[in-house]
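Have a look at the structure below, then the notes.
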């Protein structure tokens, strides 16, 4: 469960390039919601994700994750509750470490780390089972360096790493945007399956309105650091991209200038 | 090269293998270019030599030298993390400060260990020729430290440290406190260097405030040289490469200085070192360039 109350974020405050990225956004995500987030460049999608994960501290307002106020906590102290897959496949994994070492790092997300061996035999079996379902043959390459894998493979492993341990919320930051269409479809399908199977609460930022409606149970649109609209359930069913545009124009009284959202 | 010169090169090579371990942790594992080494090496020597001369037993003295080195590493890490001073500059500041501190510890520019008991003294009773004692003892030390280092780097904490250097953002997202890892890594790194300095003083019979000059370059030369002559794919290989590189470097230097036909003298040591390091750094590049050319033709 996530509860965001009236958060403000301003970058480079007091300088000519001051950017008021988050302007009093409030959002409640109950357990089990799979929320997709859209918005044009600079709408605050990344800022929202970074504020939840702790990469960015909010100026005012509060953030609760699973009934705990985490507003003042840094990223590593939120890691037990917040799992994340980055947009850049290189960012979510360590290329110098082996596949099993990357997974071993993730199996301890939010836990204390001691001096015992990082890659234990019982973990290995678990890693193999998890990797097998990707259908990429990675279960036989546990000791290979991450750097040897393709972007799509690395992103699939990132997704496994993020979902290895329970969490309050899974953040997906345009995690298919940097992949070719076929691989992107594969990773998206995998995401959908894992979220459904493990009944995760997730927040997925996407660059495509079509995708935002196809997956998930709820869709948010951000605009200038606030929520432009928030649809779910019956209201969301049967919606098409052009309906979203109409909804946006109705709520904001202006036309959307960013074509990339329509083309994606 | 005589046997004594050869064993001497092995002895120094092993000791600087410990320095290479420290440099490996800072430069390679944490990606933290750390020049504190030039100060923590003589710090280890100064602390243990002064204590031994003052009558403390060599074990306590060596242990304290190690702790002092760890503290020096912590200072550099804190300057970087808390005061946001660029890592390279932070380490230079600590190094410069240590010069004064080392003079204070010894009370004079150098301390001689004439007739005092050192860690090597018990071995002299065994009856081996003196030039065999230090190399054999240091083999043992290096093997023990290497095993501990390998086990550490493969542990949960060690893995978190490696992730901190390779991808700090990802490490934080996995709940790793990157600041804690930098503090710990820098302390361990400089503790090892101080141990090397302490043993160096005990085998050479003196500590000198200037003995740290260029230690970082030698340590780096060992790490890079090791990477140039062998594969460092796994942690085990990477740690072994540090020692191999260090001994290789010493032998190369000993050979260069002993070969009369080249005409090099002892005062050319630093020049030779700089050339060797430069060569070791560009060699992988030249190799891959040659490979690329071959593929094209």
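Chains as they are written, first to last, in my numbering: chain A, 1 to 264; chain B, 265 to 561. All residues carry an ideal CB built from backbone N, CA and C; glycine is no exception. Nothing here was measured: the structure is a model prediction, and the numbers come from that model.
Item: Option in B/510, B/461 and B/549 with minimal Cα separation from residue 327 of chain B; Value: B/461
Item: Pairwise C-alpha distance: residue 75 of chain A and residue 418 of chain B; Value: 24 Å
Item: Beta carbon proximity, residue 449 of chain B to chain A, threshold 7 Å; Value: no
Item: Secondary structure of residue 278 of chain B, DSSP reduced to three states; Value: helix
Item: Cβ-based burial, residue 292 of chain B [other Cβ within 10 Å; buried from 16]; Value: buried
Item: Selection from A/104, A/108 and A/150 that minimises the alpha carbon distance to residue 128 of chain A; Value: A/104
Item: Residue 39 of chain A to residue 223 of chain A span [Cα, whole Å]; Value: 6 Å
Item: At least 3 beta-carbon pairs within less than 8 Å: the segment 534-545 of chain B vs the segment 310-320 of chain B; Value: no
Item: Residue 130 of chain A versus A/205, A/48, A/194 and A/3, residue with shortest Cα-Cα distance; Value: A/194
Item: Neighbour list for residue 441 of chain B in chain A, Cβ cutoff strictly below 7 Å; Value: 76
Item: Bridge partners - residue 232 of chain A, DSSP secondary structure assignment; Value: A/218
Item: Coil, strand or helix - residue 537 of chain B by DSSP; Value: helix
Item: Of the listed residues A/209, A/124, A/21 and A/29, nearest to residue 98 of chain A (C-alpha basis); Value: A/124
Item: Counterpart residues of residue 419 of chain B in DSSP-defined beta bridges; Value: A/117
Item: Residue closest to residue 486 of chain B, alpha-carbon to alpha-carbon, out of B/507, B/554 and B/301; Value: B/507
Item: Closest residue to residue 281 of chain B among B/547, B/405, B/350 and B/373 (Cα-Cα distance); Value: B/405
Item: Every unbroken alpha helix (DSSP H) within the segment 11-78 of chain A, with a cutoff of 4 residues, ordered by chain; Value: 45-53 and 75-78
Item: Which of helix, strand or coil DSSP assigns to residue 112 of chain A; Value: coil
Item: Contact list for the segment 107-130 of chain A against chain D, Cβ threshold 8 Å; Value: The structure shown contains no chain D; its protein chains are A and B.
Item: Cβ-based burial, residue 237 of chain A [other Cβ within 10 Å; buried from 16]; Value: exposed
Item: DSSP-derived helix/strand/coil call for residue 470 of chain B; Value: strand
Item: Below-7 Å beta-carbon distance, residue 344 of chain B vs any chain A residue; Value: no
Item: Three-pair Cβ contact test at 8 Å for the segment 182-201 of chain A versus the segment 7-15 of chain A; Value: no
Item: Closest by C-alpha distance to residue 297 of chain B, when choosing among B/555, B/484, B/518 and B/494; Value: B/484
Item: Endpoints, the alpha helix (DSSP H) within which residue 84 of chain A is located; Value: From DSSP, residue 84 of chain A is part of no alpha helix (DSSP H) but of the beta strand (DSSP E) over 82-85.
Item: Alpha-carbon to alpha-carbon, residue 356 of chain B and residue 439 of chain B; Value: 31 Å
Item: Chain A contact residues for residue 502 of chain B, given Cβ-Cβ distances below 8 Å; Value: Simply none; closest approach about 10 Å.
Item: Bridge-paired residues (DSSP) for residue 98 of chain A; Value: A/145
Item: Whole-number beta carbon distance between residue 271 of chain B and residue 396 of chain B, since they are thought to touch under 8 Å; Value: 7 Å
Item: Cβ contact check for the segment 140-155 of chain A and the segment 82-99 of chain A: 3 or more pairs under 8 Å; Value: yes
Item: First and last residue of the uninterrupted beta strand (DSSP E) at residue 169 of chain A; Value: 169-173
Item: Check whether residue 307 of chain B and residue 366 of chain B have beta carbons under 7 Å apart; Value: yes
Item: Anticipated Cβ contact below 8 Å, residue 225 of chain A with residue 57 of chain A, distance rounded; Value: The Cβ separation is near 16 Å, so there is no contact.
Item: Distance, residue 286 of chain B Cα to residue 27 of chain A Cα; Value: 49 Å
Item: Bounding residues of the beta strand (DSSP E) (the contiguous stretch that carries residue 203 of chain A); Value: 202-205
Item: Through-space distance from residue 433 of chain B to residue 394 of chain B, alpha-carbon basis; Value: 52 Å
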